[in-house]
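Enquirer: Chains as they are written, first to last, in the UniProt record's numbering: chain F, 1 to 378; chain X, 1 to 308; chain L, 1 to 249; chain G, 1 to 421. Ideal placement from N, C-alpha and C gives every residue a C-beta, glycine not left out. Shown below is the structure under consideration.
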Amino acid sequence: MTPTKKTAFLTPKEMIGFAILAALIFVVLPLALDTFRLNLFGKYLTYAFVAVGLVLCWGAGGILSLGQGVFFGLGGYCMAMFLKLEASTPENTAIQSTPGIPDFMDWNQITALPWWWEPFHSFGLTLIAIIAVPVVFAFIIAFAMFRRRVGGVYFAIITQAIAAILTILIIGQQGFTGGVNGITDLRTLHGWDIRTDEAKNILYFVNGILLFAVLFAAHYVRKSKLGRLLIAMRDQEDRVRFSGYDVASFKIFVFCLGAAFSAIGGAMFTLQVGFMSPTLVGIVPSIEMVIFCAVGGRLSIIGAVYGTLLVNFAKTTFSESFPEVWLLGLGALFIAVVMAFPRGLAGIWADWVEPRLSSLFSRKTGDDSTAAPKTPAE
Amino acid sequence: MFADYSMGELTAIFAMQGFAGLILFSVFVLMALGLAIIFGQMGVINMAHGEFMILGAYVTYLVSNVFSDYLPFLFSIYFFVAMALAFVVTGALGMFVEWAMIRHLYKRPLDTLLATWGLSLILQQIYRSVFGAREVGVTIPEWMMGSLPLTDMIEVPINGMFVMVLAVGISIAIYVLMFRSTWGKQVRAINQNRIMAGAVGINTEWTDRLTFGIGCGVAGVAGSAFTMIGSTGPTAGQLYIVDTFLVVVFGGAGSLLGTIASAFSISQAQSILEFFLSGSMAKVLTLLTVVGILMLRPQGLFALKLRK
Amino acid sequence: MVQNNPNFVLMVEDLTVSFDGFKAVNDLSFYVEPNECRVIIGPNGAGKTTVLDLICGRTKATGGSVNFKGQELLNMREDQIVHAGVGRKFQTPSVYEDLTVFENLELSYPKGHNVFGALFFRRDDTVKDRIQEIAEMIFLEELLQEKAAFLSHGQKQWLEIGMLLIQDPELLMLDEPVAGMSVAERKKTAELLNRIIADRSVIVIEHDMGFVADIATRVTVLHQGKVLSEGSMERVQNDPKVIEVYLGH
Amino acid sequence: MTKSNGNSPKSTVSRRAVLAGGAALSASLFLPKNLRAQDYPTAAVNTTGLAVTDDTVTVGILHSVTGTMAISETGSVQAEKLAIEQINAQGGVLGRKIEFIQEDGASDWPTFAEKAKKLLVNDKVASVMGCWTSASRKAVLPVFEQYNGMLYYPTFYEGLEQSPNVIYTGQEATQQIIAGIDWVTKEKGAKSFYLLGSDYIWPRTSNKIARKHIEKLGLKVVGEEYYPLGHTQFNSVINKIKLKKPDVIYAIVVGGSNVAFYKQLKAAGIDMTKEKPVLLTISVTEDEIRGIGGENIEGAYACMKYFQSLENPNNADFVAAFKEMWGDDMVIGDVTQAAYLGPWLWKAAVEKAGSFDVDKVREASPDIELPTAPEGYVKVHPNHHLWSKTRVGKAMADGQYEVVFETADLVEPDPFPEGYQ
């Protein structure tokens, strides 16, 4: 399963990068890990969708959003609503006062499904909603802000506030949203039990394929004129404007694209973890996702994936081995990345590993593709 | 909803509700002033602001313990000592952080956000290791609790009065520092043109460090004061961060007057809404309004229109 | 003068902007004819750059009108103004330092200016040829693959002029195009400007009187946001008001 | 379920009277039972591949030790470790020492689910003591059901749940609420109530049950209000309370908000040591009072099943042991005691079943009795909750509660109360 078909928009070096990542995700991890750990990495990879979106928005476009959790959450909630409705058959919920509606609604004396839940009976509409709802929401935010040229720090703080508002709203409207518990106890997707080990393995691969689709999309954008415009905009916004570009529309586009990526990640999160809760919408996860991106190197699409895997892996390991001090390590990691490695893993790779590899290559005869560098240290 | 009450009761309630709004206003001012200095004047996004506040609270806790153990006869005034010490300790930590971290990041304002977030995690864990995961109870001198009955209905909480006086005092002190002192002039000069300020002989490094220190120190004093009305635990600082940033941004970064005006409008809006709606919805509506207005007027309430 | 006189490319009338009460540009009117090279001079703080900012939409005017070929520019966004045919070069060279000279010019190529256009933009031969042509004109044909960050100050100025030329604007506004250049660069620039102003209207802000005399069709002298004097170089130089402003200080 | 059922004597209850009669039984707690590991060969007691060896058995402890919930969950971790140590000192479970693996839920629900899965799948623990908030329990529940684990959940909670894979050692809402409201009505002559809570499911569900019960008694609810978790400004609601003049302020505020609420209540001149208004809470244990400060909550009433000041030999031993292990300045709240019951109830079930297999432990669990619980005799109901007494305590300035009332009989747990939904 190597999706690195030779396409015009990949240079050999980039192709190797994608191939290594593909090998890691589709071969090395599934072989090396048991289902539990694999599912865990599947969960981490859903955050990578957000990080890739952030590479475009923040790394390339200079738009730092501290509210990506909002889109991750909206995508996840859309998926969760569908799964919850499927799980809430009248037979399963026979003990409720109103069978056939989600259990948390029943606990809150809601006796009929709210109208805006109805579309989520349909899988097709749900798939549309997973993308459309967050994108429309992102569009409204971005349109209002970028048209008025709000940027930088202000944008970051306002998106952060939006994340806070949405969290309070979801928790406060628990009759419709499941409140602080979130939407839990999701079971089947079209009758297919998503809780079994087999399903988890399949979902891991689906997740991986979707991630690669998103990676390629992001790569295409980066390589297109739009990608160069983003960089130009980040450095000389006025010049771009006076070259006849409507700067706001480009920012809106890339922000919506980032939201769409996040939403796909959120939906896959729901499927793999089996629930969705407001803790994924709030400020803390939103900032953490920015950190994933920063650790990977904010300009590198592939780096974002490695960054996400590394931070989460460290988080899990730290918290398993030293539960009481892992925050110290995490905090120190953030500071170290910002202070000493602002270009993150991608920078370390470019500055340290690549020169050595290429000197290795040049000494060897020919550049046989089988001599491709091994999976970078994780 | 008012039909059941007499005029007298209603007047009393409105008076008290107005007073509640003023207390909230003072709380916002105290929270935001330190950040307004750091963010507004230096452009640094200090996500660890809440943790600096909690440091002030922990200092107060320690001082209260020392007084009750060794100087019980002075216990009634320990709070003033605690606030002064909170200022010094958090200010010193702030200056250290500026030296070790922030000064390398002045050209990357968004990166200060990430680095200080890391700092906030570290501080939280340090508090947890030192003081335990549980909240600590800070004993407040008896005279500072309780209330002054003005009429049968209207009672004025003393700690509320105290917070208000403190907010006014600190605002005035900062105003004087900012607009009447050499330091203030230097800060404003650096804010406008760092290179030029350096060229005319301002020690920008030292001024930055002092500014950051003073901003953190003010946060520490706020944290110290909040032991009267809030909780002191390792993660309590996170509760303040969104509100604080919104107050500063809504006011228009760089304008201290704006910060105060925005604290006033947000607090009044919130306390009025809280009276008519449930607390959660009041909060959501207030935040939504603020975000909405910021979308329409991104520069905030008070912002100088500058010639580019 | 007559409104909507077809003989004018640009009609600026009663243009006013105030910053917190300070009127940087005050009731300013002037008119630019086709193929004219208008030079704006004036002491520091006269409002020269602000006038260009107002015309190209960078600063919003408080009052007045800016009419370009029958279109009111004051209600338009910057990019719409550019599409209407107005190009603007800034005082300090503003090029995209992280991109190559080629990419800098490519981004200014007047195609693929909306989101999807940019997403599916193809670098075809027409584009390449045009970039090559412009690069030769601005003396950078050898440096196309160089990152703009590595260019000299003068080369950056040329690059920015090139980025405007590739858009082929009808009205070109240049803010101090030779500031900070060496004598040799200055000569080359004058030569370049003389070549490119031939078939379009140009507004130039410049201090260097020799340079002004070299290129100007007419000169407008601004003082405290108002027109102090207008006319040929010779006339302006002999205007007692101008002499007083320049020498009386 | 009708109102009277809440306290109605049942046959099991009268049996309890016999069993709990002698305090001497508590001594049995510290008498090692002579169960030897060799009598229970590993192959026989562990047929499902759990982490059981010839001399050890591994359990999991899953609480937040970081994040906002660490404040509350620390006590539970301590109590569970104490219970495990005591059980080990007595010779363990089926002759095997309990070892534990502690994981941090980090106040984050997905992390709870992740760690629960790790404990069950990777570590193969025989049971898990853990979770605190409902949200974390909801997050781990599918994991426990899928991998067939056993969770001992210590917190008083909203009910509406009954999982075969969870033993709820805290009270569900009706147990905690109804007796308290009856008491305040009868003893304090309360006629009107103001309901207040943090905005999430437990306070909302609890207030719903409280409201139904209050209205059933023909009394009045004059206000109901929720604030976001972590909210610290309560002056507006305090003003509303002053305006409505309720007899009872029924408060279910949690976490850091508690501190702010009680400090501001006192500062606003609402003196709870006076006759009216009565403040009745179900969310403030001795643990929370440490943060609030005893002087700020003095005179308030709390309704729950356990207070540190309970006078019985079991409790005296427990409090002494807890302080010895964790320090003299420790206080013990309701949830801490409930958490302490977890390992003991599991041990009793395992030994009754003669096996560590989760299915057998589950089968053995109903009707497990624990006469030695610090709160007094408790018993597992077939619905996996505990029969327990409900008590009302009055907060003292020193941070302890004085028990002023206790139900005569054990209250039956009723997680799905009819007529209260």
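(1) Against chain L, which members of the stretch 227–256 of chain F pass a CB distance test of less than 7 Å?
(2) Is the stretch 297–316 of chain G touching the stretch 398–407 of chain G in the sense that three or more CB pairs, one from each, lie closer than 8 Å?
(3) Have a look at the DSSP bridge pairing and note the partners of R38/L.
(4) Helix, strand or coil: how does DSSP classify G85/L here?
(5) Going by CA-CA distance only, name the one from T182/X, V88/X, S26/X and G279/X that's closest to G220/X.
(6) With a CB to CB cut of under 7 Å and the five nearest residues on each side skipped, what residues in its chain are close to G198/X?
(7) With DSSP as the reference, please indicate the residues paired to C303/G in a beta bridge.
(8) Under DSSP, the beta strand (DSSP E) around Q102/G begins and ends at which residues?
(9) Looking at chain F, is there any beta carbon in it that lies within less than 8 Å of the beta carbon of T155/G?
(10) Rounded to whole angstroms, what's the CA-CA distance from F276/X to I297/G? Just pull it up for me.
(11) Run the CB neighbour count on A23/G, radius 10 Å, all protein chains shown included, and call it buried at 16 or more, exposed below.
(12) Return yes when the Cβ of M137/L is within less than 8 Å of the Cβ of N67/L, no when it is not.
(13) Please return the same chain residues whose Cβ sits closer than 6 Å to the Cβ of L196/G, not counting the five positions on each side in sequence.
(14) Please classify E230/L: does DSSP put it in a helix, a strand, or coil?
(15) Can you list, in chain order, the residues of its chain with a C-beta nearer than 6 Å to that of K360/G? Leave out the 5 residues immediately preceding and following it.
(16) Does the stretch 189–207 of chain L touch the stretch 17–26 of chain L, meaning 3 or more C-beta pairs lie closer than 8 Å?
(17) Taking 8 Å as the threshold (C-beta atoms), are I167/G and K347/G in contact?
(18) Under a CB-based cut-off of 8 Å, is E225/G close to chain X?
(19) According to DSSP, simplified to helix, strand and coil, what is D14/L?
(20) Please state whether DSSP places Q236/F in a helix, a strand or coil.
(21) What residues from chain F crowd round D153/L, counting only those whose CB sits closer than 8 Å?
(22) Only counting the same chain, and skipping five residues up and downstream in sequence, which positions put a Cβ closer than 8 Å to that of L99/L?
(23) Which two residues bound the contiguous alpha helix (DSSP H) that contains G69/F?
(24) Just checking: is the beta-carbon of D111/X within a distance shorter than 8 Å of some beta-carbon in chain F?
(25) So, is the C-beta of D287/G closer than 8 Å to a C-beta in chain X?
(26) Which bits of chain F does K118/G rub up against, with CB to CB less than 7 Å?
(27) Considering only residues of the stretch 83–144 of chain F, which uninterrupted alpha helix (DSSP H) runs meet the minimum length of 4 residues and lie entirely inside it, listed in chain order?
(28) Tell me whether the beta-carbon of I171/F lies closer than 8 Å to the beta-carbon of D199/G.
(29) Who are the neighbours of L360/F on chain G, taking C-beta pairs under 7 Å?
(30) Taking buried to mean at least 16 other C-beta atoms within 10 Å of its own C-beta, is K138/G buried or exposed?
(31) Quick one: list the residues of chain F neighbouring I201/G, beta-carbon separation under 8 Å, in chain order.
(32) Taking 8 Å as the cut-off, decide whether the C-beta atoms of D54/G and A70/G are in contact.
(33) Can you find the residues in the same chain that come closer than 6 Å, C-beta to C-beta, to G399/G, ignoring five residues on each side of it along the sequence?
(34) What residues from chain L crowd round S300/F, counting only those whose CB sits closer than 9 Å?
(35) Since residue 395/X meets chain F, which of its residues come closer than 8 Å, beta carbon to beta carbon?
(36) If you measure from the beta carbon of F334/F to each beta carbon in chain X, is any gap under 8 Å?
Expert: Walking through what the data contain:
(1) R228, L229, I231, A232, D235, Q236, D238, R239, R241, F242, S243, G244, Y245, D246, S249, F250 and F253
(2) yes
(3) One-based indexing of the third sequence puts residue 38/L at position 38. In the DSSP output, where bridge partners are listed per residue, R38/L has I203/L and R218/L.
(4) Here residue 85/L corresponds to residue number 85 of the third sequence, with the count starting at 1. Coil, per DSSP.
(5) Along the second sequence, one-based indexing puts residue 220/X at 220. Here the closest residue by C-alpha is V88/X.
(6) Taking the second sequence and counting its residues from 1, one reaches residue 198/X at position 198. Hits under 7 Å: T204.
(7) Taking the first residue of the fourth sequence as position 1, residue 303/G is located at position 303. In the DSSP output, where bridge partners are listed per residue, C303/G has V392/G.
(8) On the fourth sequence, position 102 is the one that residue 102/G refers to. Run containing Q102/G: K97 to D104, per the beta strand (DSSP E) assignment.
(9) Residue 155/G sits at position 155 when you count from the first residue of the fourth sequence. So no, T155/G is outside the interface.
(10) Taking the first residue of the second sequence as position 1, residue 276/X is located at position 276. Taking the first residue of the fourth sequence as position 1, residue 297/G is located at position 297. Between F276/X and I297/G, the C-alpha separation is close to 27 Å.
(11) Looking up residue 23/G in the fourth sequence gives position 23. With a pLDDT of only 36 at A23/G, under 50, the local geometry of the prediction cannot be trusted, and the value read off the model is given with reservation. The residue in question, A23/G, is exposed, as its Cβ has fewer than 16 Cβ neighbours within 10 Å.
(12) Locating residue 67/L in the third sequence gives position 67, where the first residue counts as 1. Locating residue 137/L in the third sequence gives position 137, where the first residue counts as 1. Not in contact: N67/L and M137/L (Cβ atoms no closer than 8 Å).
(13) As a first step, residue 196/G must be located in the fourth sequence, where it is residue number 196. Taken in chain order, the residues that qualify are E225 and A251.
(14) Numbered from its first residue, the third sequence carries residue 230/L at position 230. If DSSP states are grouped into helix, strand and coil, E230/L belongs with the strands.
(15) Your numbering for residue 360/G matches position 360 in the fourth sequence. Excluding residues within five positions, the ones whose Cβ falls inside 6 Å are A353.
(16) no
(17) Counting from one through the fourth sequence, the residue named residue 347/G turns up at place 347. Counting from one through the fourth sequence, the residue named residue 167/G turns up at place 167. Their beta carbons are not under 8 Å apart, which means K347/G does not touch I167/G by this criterion.
(18) Locating residue 225/G in the fourth sequence gives position 225, where the first residue counts as 1. It does; some Cβ of chain X falls within 8 Å.
(19) Taking the first residue of the third sequence as position 1, residue 14/L is located at position 14. It is a strand residue.
(20) Counting from one through the first sequence, the residue named residue 236/F turns up at place 236. Looking at Q236/F - three-state DSSP - the assignment turns out to be coil, as it is neither helix nor strand.
(21) Locating residue 153/L in the third sequence gives position 153, counting from the first residue. Residue identity differs from the one stated: residue 153/L is His in this sequence, not Asp. Simply none; closest approach about 16 Å.
(22) Numbered from its first residue, the third sequence carries residue 99/L at position 99. Correct list, in chain order: L107, K147 and A148.
(23) As a first step, residue 69/F must be located in the first sequence, where it is residue number 69. Per DSSP, G69/F belongs to the alpha helix (DSSP H) from Q68 to A87.
(24) Taking the second sequence and counting its residues from 1, one reaches residue 111/X at position 111. Yes, contact with chain F.
(25) By one-based count along the fourth sequence, residue 287/G stands at place 287. Yes, contact with chain X.
(26) For the purposes of this step, residue 118/G is identified with residue 118 of the fourth sequence, where counting begins at 1. Result: F36.
(27) 103–107
(28) Here residue 171/F refers to the residue found at position 171 of the first sequence. Here residue 199/G refers to the residue found at position 199 of the fourth sequence. Result yes, Cβ atoms of I171/F and D199/G sit closer than 8 Å.
(29) Along the first sequence, read from residue 1 onward, the residue named residue 360/F stands at position 360. Within 7 Å Cβ-Cβ: nothing; L360/F doesn't reach chain G, min ~38 Å.
(30) Reading the fourth sequence from its first residue, position 138 is the one you call residue 138/G. K138/G is buried by the Cβ-count criterion.
(31) Along the fourth sequence, one-based indexing puts residue 201/G at 201. By Cβ distance, chain F contributes F104, W107, Q174, G179, V180 and N181.
(32) Walking along the fourth sequence from the start, residue 54/G turns up at place 54. Walking along the fourth sequence from the start, residue 70/G turns up at place 70. It is not a contact, given that the beta carbons lie outside the stated cut-off.
(33) Walking along the fourth sequence from the start, residue 399/G turns up at place 399. So the qualifying residues of the chain are I289 and G294.
(34) Here residue 300/F refers to the residue found at position 300 of the first sequence. Those do not exist, as S300/F stays about 15 Å from chain L at its closest Cβ, beyond 9 Å.
(35) No information on residue 395/X is available, as it lies outside the stretch 1 to 308 that chain X covers here.
(36) Here residue 334/F refers to the residue found at position 334 of the first sequence. It does; some Cβ of chain X falls within 8 Å.
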